[in-house]
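Going letter by letter, the sequence shown gives residues 21 to 268 in the numbering used here.
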Amino acid sequence: MRAGAVHRPARCRWQLPALVGAAGLAHALPSVGVLGAIAGRPSRLGPIRLRGAAGTEAVALTFDDGPSPEGTPRILHRLEQLGLRATFFVTGTEAARHPALVADIRSAGHGVESHGMEHRHHLLHGPRWVERDLRAALDVLRSLGVRPRYLRPPYGQAAAATLVAAQRHRLGCVLWSCWGREFAEPRAAAVAARIRQRLEPGAIVLLHDSDQHCGPGSVAAVDQALEAVAQELARRRLRSVRLAELLE
Ligand SMILES: [Zn+2]
Numbered sequence: 021m022r023a024g025a026v027h028r029p030a031r032c033r034w035q036l037p038a039l040v041g042a043a044g045l046a047h048a049l050p051s052v053g054v055l056g057a058i059a060g061r062p063s064r065l066g067p068i069r070l071r072g073a074a075g076t077e078a079v080a081l082t083f084d085d086g087p088s089p090e091g092t093p094r095i096l097h098r099l100e101q102l103g104l105r106a107t108f109f110v111t112g113t114e115a116a117r118h119p120a121l122v123a124d125i126r127s128a129g130h131g132v133e134s135h136g137m138e139h140r141h142h143l144l145h146g147p148r149w150v151e152r153d154l155r156a157a158l159d160v161l162r163s164l165g166v167r168p169r170y171l172r173p174p175y176g177q178a179a180a181a182t183l184v185a186a187q188r189h190r191l192g193c194v195l196w197s198c199w200g201r202e203f204a205e206p207r208a209a210a211v212a213a214r215i216r217q218r219l220e221p222g223a224i225v226l227l228h229d230s231d232q233h234c235g236p237g238s239v240a241a242v243d244q245a246l247e248a249v250a251q252e253l254a255r256r257r258l259r260s261v262r263l264a265e266l267l268e
């Protein structure tokens, strides 16, 4: 394993609990990001979707933080190879930089949804900033012909301002019920093992197609873990569908 793989720099998404906690006091609602990650079983927390219906035979594989020239083509290739459908929560900033990759995602039959414009902690910004960020991302995506129906806020931080702005723009707020945690341990076996634990009917699986906020080696680990994920889906007789299909 790569030295220092577990210890990420402070910019990494999941290592700011004190900062997030303090910022949360300034908002009407605390962050539910961590709750969303560990809750697993309920299908929603208030207006926030964590998973689809338990009675379904489908799951949604989701990839955050792209599109990225280093990660997205690699993940698209693997998904095609394995016959998997997925949904990409792209940031407006990266979508504007790499519009051809957004087109590639769509032409391969996958979903594109919003991860906001800038990848920042909503709990550290006020309602106006959050509103502007969501609107800017929608402007970019619409200019590329994408009409997102869902928002996954960066770091899973659904602040009160996030929910208000999402509702204003008719975006459903979505977190996840199952994750690879490749940012913490970028090894394919570890990523696959974590997903296997909670790959249940209706699961929403959080993965990443960019190393930008996760650290080096994350996409490689996800890429290599996907074959095991596909095998587990087949073993459980589950199929992967776009998020919008799972939550319909
Ligand atoms: Zn993200």
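Yeah, the Cβ is synthetic: ideal placement off N, Cα and C, and Gly gets one too.
Tyr170 sits away from Glu138, with the two beta carbons spaced by 8 angstroms or more.
Put simply, the region 160 to 167 does not touch the region 180 to 199. Fewer than three CB pairs are less than 8 angstroms apart.
Judged by DSSP secondary structure, Asp159 falls within the alpha helix (DSSP H) whose first and last residues are Pro147 to Ser163. Between the region 196 to 209 and the region 223 to 235 there are three or more inter-stretch CB-CB distances shorter than 8 angstroms, so the stretches are counted as touching. Close CB contacts of Arg172 within its chain, under the 6 angstroms cut and outside five residues either way in sequence, are with Phe109, His135 and Val194 (chain order). With a cutoff of 8 angstroms on beta-carbon distance, Ala208 and Gln251 are scored as not near each other. Taking all protein chains shown into account, Gln177 has 16 or more neighbouring C-beta atoms within 10 Å of its C-beta and is therefore buried. Boundaries of the beta strand (DSSP E) around Leu227: Ile224 to His228.
In this model, Gly222 and Leu246 are separated by some 18 angstroms (Cα to Cα). DSSP, reduced to helix, strand and coil, places Val166 outside both helices and strands of the structure shown, so it counts as coil. Counting only heavy atoms of ligand 1, the residues whose C-beta sits closer than 5 angstroms to one of them are, along the chain, Asp84, Asp85 and Pro174. In this structure, DSSP gives Glu133 an extended state, which the three-state scheme calls strand. Residue range Ala78 to Asp84 is occupied by the beta strand (DSSP E) that includes Val79.
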